[in-house]
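**Q**
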Amino acid sequence: YRIGIRSIDKSTQTSIGILVADRSESLIIETKDDTKDNVYDAAGLAVYSNSKPIALSYASIFESLWKQSELYEQLKIHDKMQKEFINVAAHELRTPIQPILGLAEVLQRGIKDTHQIHLTDVIIRNAKRLQRLTEDILDVTKIESQSLQLNKEQFNLREMMLNAIADSNNQLKKDSNIKLELVSKEDVFVEADKARLNQVIANLLSNAIKFTQEEGGSITIRTEIMNSRILVSIKDTGTGIDPEILPRLFTKFVTKPETGGTGLGLFISKSIIEAHDGIMWAENNANGKKELRLDLVYQLANSSSRH
C-alpha cells in the first residue's frame with residue numbers, strides 16, 4: 024500500500040488523531056498521552072466511519088492545512104532571502120560611499136572657485152544622505168533580527184545633547200531663524216550606549232527641523248530627573264503630527280509624500296530606547312505643536328546627577 028503521513032505545525036494540533044484511508048474511510052482517536060508506549064494508555068475513545076463524504080471532508084481539511092503550512096515555509100524562506108539581500112546590498116553600498124565622501128571633502132579644500140565649491144557641496148551632501156540611508160537599513164536589519172547590541176559607558180548626557188545641537192546647527196541653512204536650545208542646565212551622568220543615544224537625539228532634532236524650517240521657530244530639549252528615571256522632552260514650534268499618522272508614527276516607512284524621507288528614523292530611535300529598557304512616545308500639545316518624549320528607565324548612573 025502507498026501511505027502518506029503529514030505532520031502539521033504544533034500550533035494547529037488538537038487532542039485527537041485522525042486517520043483517513045483511501046479517501047473513503049476515517050478513524051478518529053482521542054489522544055490521552057502520546058508519550059505512553061502502550062496504545063491503551065496513549066489513546067482513548069475511537070470512532071470509525073466508512074462514510075465517504077465524511078472521509079472526504081477530513082481529507083479536504085488536511086489538504087488545506089498542508090497547503091497553508093507549505094506556503095508559510097515558503098514565505099519564511101522568501102523573507103530570509105530578502106533580509107539577507109538587503110543586508111548585503113547595504114554593506115556593498117557603504118563600501119564606496121566613504122571614499123566618495125572623503126575624496127570630495129579633500130577636493131573641496133583645494134578649490135577656490137565659488138561655483139566649484141557649490142558643486143562639491145552637492146556631492147558631499149548627497150553622499151552623506153546615502154550614507155545615512157545605508158546605516159538606517161543596516162540598523163533596521165539588526166533590530167528585526169534582534170542582534171542590536173549596546174556598548175554601554177558612563178557619560179554626561181547634557182554634554183552629548185549640546186554636541187548634537189551643535190551638529191544640527193551646522194546643518195541649518197545660513198538664513199534660517201530656527202533656534203535650538205537645551206533648557207536644562209543640570210549635568211546628568213548616565214550609563215548607556217553613547218553613540219546610539221546620540222543617534223536618537225540627532226534623529227529627533229532632524230525631524231523637528233524638517234517640520235519647523237519653513238516658518239522658523241524654536242526647538243527645545245528639556246530633561247527631568249525622577250527617582251531612577253530621566254525624562255527627555257523635545258518640543259518644536261512647527262506643524263503638529265497628522266492625526267492619521269500619530270497612531271503608527273513609530274512604525275517603519277511611515278511618512279507623507281510631501282515631507283519625503285524613508286520613515287525609518289523614528290522606528291530606529293524607538294527601538295534603541297526600548298533596547299535601553301526605556302519607552303518613547305509622541306503627542307501634540309494643546310496648541311497643536313509636537314512633542315517627542317523619551318523615558319529612560321533606571322539609566323541614571325548610580326541614580327545620581329551632578330551640577
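Just so you know, we're using this note's numbering here: the sequence shown kicks off at 24 and counts up by one. For every residue, glycine included, the Cβ atom is placed at its ideal position computed from N, Cα and C. Treat the numbers as computed from the prediction; the structure is a model and nothing was measured.
(1) Just how far apart, CA to CA, sit His299 and Ser170?
(2) Residue range of the alpha helix (DSSP H) that Gly133 falls in?
(3) Can you tell me whether DSSP reads Phe178 as helix, strand or coil?
(4) Identify the continuous alpha helix (DSSP H) that holds Asp64 and give its terminal residues.
(5) Tell me where the beta strand (DSSP E) around Leu42 begins and ends.
(6) Taking all protein chains shown into account, do 16 or more other C-beta atoms lie within 10 angstroms of the C-beta of Thr246, making it buried, or fewer, making it exposed?
(7) Cβ atoms of Leu228 and Ser191: under 7 Å apart, would you say?
(8) If you measure from the CB of Arg181, is any heavy atom of the ligand PLP nearer than 6 Å?
(9) What is the rounded straight-line gap between the Cα of Ile51 and the Cα of Asp60?
(10) What do you reckon, are the CB atoms on Gly288 and Thr278 nearer than 7 Å?
(11) Taking the C-alpha atoms as reference points, what is the distance between Glu182 and Thr243?
(12) Ignoring anything shorter than 4 residues, give me the alpha helix (DSSP H) runs that lie fully in the region 176-220, in order along the chain.
(13) Flag this pair as touching only if the region 213-224 and the region 160-178 have three or more C-beta atom pairs under 8 Å; answer yes or no.
(14) Could you work out which residue in Leu116, Asp57, Leu272, Ile302 is closest to Thr157 when comparing CA atoms only?
(15) Rounded to the nearest angstrom, what separates Asn193 and Ser256 at their Cα positions?
(16) Is the region 262-275 in contact with the region 290-298, if contact means three or more CB pairs nearer than 8 Å?
(17) Where does Lys59 sit, in a helix, a strand or coil, going by DSSP?
(18) Give the single residue among Val163, Thr137, Gln121, Asp162 whose Cα lies nearest to the Cα of Ile147.
(19) When you compare each of Ala82, Glu107, Ala127, Arg155 to Thr143 by their alpha carbons, which one comes out closest?
(20) Measure the beta-carbon distance from Leu124 to Gln154 and round it to whole angstroms, keeping in mind my assumption that it falls under 8 Å.
(21) Decide if the region 76-84 is in contact with the region 39-53; the criterion is three or more beta carbon pairs, one per stretch, under 8 Å apart.
(22) Using only the alpha-carbon positions, how far apart do Pro266 and Phe234 sit?
(23) Where does Glu344 fall in DSSP's three states?
**A** So, from the data block:
(1) If you take the alpha carbons of His299 and Ser170, they lie about 14 Å apart.
(2) Here Gly133 belongs to no alpha helix (DSSP H), and DSSP marks it neither H nor E.
(3) Of the three classes helix, strand and coil, the one that applies to Phe178 here is strand, per DSSP.
(4) Here the alpha helix (DSSP H) through Asp64 covers 62-65.
(5) That run of the beta strand (DSSP E) goes 39-44.
(6) Counting the other Cβ atoms within 10 Å of the Cβ of Thr246 gives 16 or more, which makes it buried.
(7) Yes, these two residues count as a Cβ contact at 7 Å.
(8) This structure simply doesn't include the ligand PLP, nor any ligand for that matter.
(9) Across the structure, Ile51 and Asp60 are spaced so that their CA atoms are roughly 19 Å apart.
(10) Taking a C-beta distance under 7 Å as the contact criterion, Gly288 and Thr278 do not qualify as a contact pair.
(11) About 15 Å.
(12) DSSP runs (the alpha helix (DSSP H)) wholly in the region 176-220: 180-194.
(13) Put simply, the region 213-224 touches the region 160-178. At least three CB pairs are less than 8 Å apart.
(14) Comparing Cα positions, the closest option is Leu116.
(15) So the alpha carbons of these two residues sit roughly 22 Å apart.
(16) Yes: at least three Cβ pairs fall under 8 Å.
(17) In the three-state reduction of the DSSP assignment, Lys59 falls in the coil class.
(18) Ile147 has its Cα closest to that of Gln121, out of Val163, Thr137, Gln121, Asp162.
(19) Of the candidates Ala82, Glu107, Ala127, Arg155, the one whose C-alpha sits nearest the C-alpha of Thr143 is Ala127.
(20) About 7 Å; that satisfies the 8 Å criterion.
(21) Touching, yes, given that three or more Cβ pairs across the two stretches are closer than 8 Å.
(22) Linking Pro266 to Phe234 through their CA atoms gives a straight-line distance of about 15 Å.
(23) Residue 344 lies beyond the stretch modelled for the chain, which goes from 24 to 330, so this question has no answer here.
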